[in-house]
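Enquirer: The first sequence stops at residue 452 when you use this note's numbering, and every number in between is there. Beta carbons are placed, not taken as given, at the ideal position from N, Cα and C, and that holds for glycine. I'd like to ask you about the structure that follows.
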Amino acid sequence: MALRVFNSLGREIQSFQPLAEGCVRMYVCGPTVYADAHIGHAMSAIVFDMIRRYLEYLGYEVTYVTNFTDVDDKIIDRARETEQDPFELAEHYTNRYLEHLRDLNVKEATEYTRVTTEMPNIISDIHELGEAGYAYELNGSVYFRVLRDEDYGKLSQRRLEDARAGTRVEEDLDKEDPADFALWKAAQPGEPYWESPWGHGRPGWHIECTSMCRHHLGDTIDIHGGGNDLVFPHHENEIAQSESLTGQPFANYWLHNGMMQLSGTKMSKSLGNLITIAEFLEDHSPDALRMVVFQGHYRKPVQFADDIVAAAERGLRRMRQGLRFAQGRTTVGPEADALRQATERARADFRAHMDDDFNTSAAIASIFDLVRAINTAQAADVGGLFMDAAQDTVRELMDVLGFTLEGPAEPEEEASGLAEPLIELLIETRSELRVARKFELADRLRDRLGELGIQLEDGPRGTTWQRNRA
RNA sequence: GGCGACGUAGCCAAGUGGUUUAAGGCAGAGGUCUGCAAAACCUCCAUUCGCCGGUUCGAAUCCGGCCGUCGCCUCCA
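Next up, the structure:
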């Protein structure tokens, strides 16, 4: 079975076939950097990271380009409000976001593009559009002539009249058509600007992605991704610009992730109902966010709430529990064989579900099935090759989804390295108490360690311990 | 108003015509193990898929209506 994906362009499941054999070129719309990113942005980054990782798992060489919108009205407004330099402001939040991506275990992009470093390409592309009759100048701004684009609206399945309906009536009432959108905006006094054939100004929002794709990936790319709130107008306009410019299809597959919901409504900067990535990571592991997102489907809205995160954390603990050091001595026999079969089945199921438009929820379920098989085998004293293979498979498949499987971080004060020997010493002492049947004391010791975040477990081969975040 | 998505157990959620009289995770109940706990394992936990009709030998899955939720139509991942 081969990979099939839901293409927003045409709204159907299609088998995935990249332009160049074995190579995938993908572009994902990144954030506008005027404030700290929230976990909705993180969801998008995580979803496309998963898609990229899975494509690589399938053996594709992936060129992954993502951008930062670092010139924009909101940035200018925010800079004015806070009396900052807009470029410094954008730079600050760009770096913050890059840090967050690392914290979230998002693989580094092949290239991070920015509007500010793309200016010559943007200007020449706008110029070309003008030459070809797709754009016109008006008072120092340049607009895209929507009427010239015969299949405008094909992505969002919107007719031009619908697109016009809600258009904000604003400054340039002289636009040829209300649906025409800005490729270049003339600078107002005090605004940052670049020199252009049309005077001082800055690019419109949509043209940046057109130029970045064209100049960093080529006229036609395999996958274009982003949140489904970008379908209209942003991606529709990108298609209009790019295809008018090159005469080639812009992107073969359009993939859109659903929105993160906080108490029933979309999380967004403008509504102010958000949890920033930084806030989330103060209390939770990056894996927890992936679990919340991937227990659902990337195209559907994801519910976010404290109890949902808590449930995800407990599921992850179960996953990690299956990776405990295996000390069983049975390496052959029916139990070992059952484990081997469970491992093969998990691999096959995982792959089949991921091939089905990245059904991460079902894919994770097949990993959980393997974890249960591992635990059962551990109880049956299975160890050796098959156990190693089973545990490695859990790690490998979880890694395809971008999970780190790291437990709660070690507290800083343990830097001295004294904590572990001390814990071992306490366990040793407690074992002696237990042998002496002084259970009350032994239990008290266990409880107190538990309060300190050290959880003891008495097994048939002695006591083990692990950190357990309160 | 226009375009689109969705409504599955206490919660999150997969499943889109028979192999499912509905995966998986969390929570809950009982049991095994244990000095006790924890972890793990076993069993149970929706005769039912928003509601009402229809198509079909057969529907959570297809069609129609209704109710409800959400997204886009303005900046938005």
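1. Are there 16 or more other CB atoms within 10 angstroms of the CB of N49, so buried, or fewer, so exposed?
2. Look at the Cβ atom of F163, then the Cβ atom of F126, and state whether they are nearer than 7 Å.
3. At which residue ranges does the stretch 229 to 281 contain complete beta strand (DSSP E) runs of 3 or more residues, listed in the order of the chain?
4. By DSSP's criteria, F50 is part of a beta bridge. Which residues make up the other side?
5. Is there contact between the stretch 176 to 193 and the stretch 102 to 112, where contact requires at least three CB pairs shorter than 8 Å?
6. For the alpha helix (DSSP H) containing F421, name the first residue and the last one.
7. So G246 and R281 are in contact, right, with Cβ under 8 Å, and what is the actual spacing, rounded?
8. Of the choices A371, R300, H82, E93, whose alpha-carbon is the least far from that of R327?
9. Do F286 and L244 have their C-beta atoms closer together than 7 Å?
10. What is the rounded straight-line gap between the Cα of I205 and the Cα of T228?
11. Within this structure, are the beta carbons of V284 and A270 separated by less than 7 Å?
12. So what does DSSP say about Y39, is it helix, strand or coil?
13. Give a yes or no on contact between the stretch 191 to 204 and the stretch 221 to 237, applying the rule of three or more CB pairs nearer than 8 Å.
14. N219: buried (16+ other C-beta within 10 angstroms of its C-beta) or exposed?
15. Whole angstroms are fine: how far does the CA of Q170 sit from the CA of Q488?
16. Taking the beta carbon of G254 as the centre, do at least 16 other beta carbons fall within 10 Å, making it buried, or is it exposed?
17. When DSSP builds the beta bridges, which residues end up paired with W176?
18. Could you pull the start and end residues of the alpha helix (DSSP H) that F350 belongs to?
19. In or out: L129 buried (at least 16 other Cβ within 10 Å) or exposed?
20. Measuring alpha carbon to alpha carbon, tell me which of E113, Q448, Y42, G183 ends up nearest E388.
21. What residues in its chain sit with their C-beta under 6 Å from that of H335, if we drop five residues either side in the sequence?
22. Is DSSP giving K167 helix, strand or coil here?
23. List the whole-angstrom C-beta distance separating T76 from V10, where the pair is believed to meet the contact cut-off of C-beta under 8 Å.
24. Would you decide whether I(-5) is buried or exposed? Buried here means 16 or more other CB atoms lie within 10 Å of its CB.
25. On a CA-only basis, which of H82, S224, A61, L137 is nearest G172? Give me that one, please.
26. Contact check, H532 vs G208 under 8 Å by CB: the rounded distance?
27. So, using beta-carbon positions, are G310 and V353 closer together than 7 Å?
Expert: In this structure, then:
1. Looking at its Cβ environment, which holds 16 or more other Cβ atoms inside 10 Å, N49 is buried.
2. yes
3. 233 to 239, 242 to 244
4. R96
5. For the pair of segments examined, the stretch 176 to 193 was found to touch the stretch 102 to 112: the number of CB pairs separated by less than 8 Å reaches three.
6. 421 to 433
7. About 18 Å separates the beta carbons of G246 and R281, which is beyond the 8 Å limit, so they are not a contact pair.
8. Checking every option, the nearest Cα to that of R327 belongs to A371.
9. yes
10. Between the alpha carbons of I205 and T228 lies a gap of roughly 17 Å.
11. no
12. helix
13. Touching, yes, given that three or more Cβ pairs across the two stretches are closer than 8 Å.
14. Looking at its Cβ environment, which holds 16 or more other Cβ atoms inside 10 Å, N219 is buried.
15. Given a span of -17 to 452 for the chain in the structure shown, any question on residue 488 remains unanswerable.
16. Its Cβ having fewer than 16 others within 10 Å, G254 is exposed.
17. G183
18. 342 to 361
19. exposed
20. Comparing alpha-carbon positions, the option among E113, Q448, Y42, G183 lying closest to E388 turns out to be Q448.
21. N341, A344, A345
22. strand
23. Not a contact, Cβ separation roughly 15 Å.
24. Classification of I(-5): exposed, given that the 10 Å Cβ count is below 16.
25. A61
26. What is shown of the chain runs -17 to 452, which leaves residue 532 out entirely.
27. no
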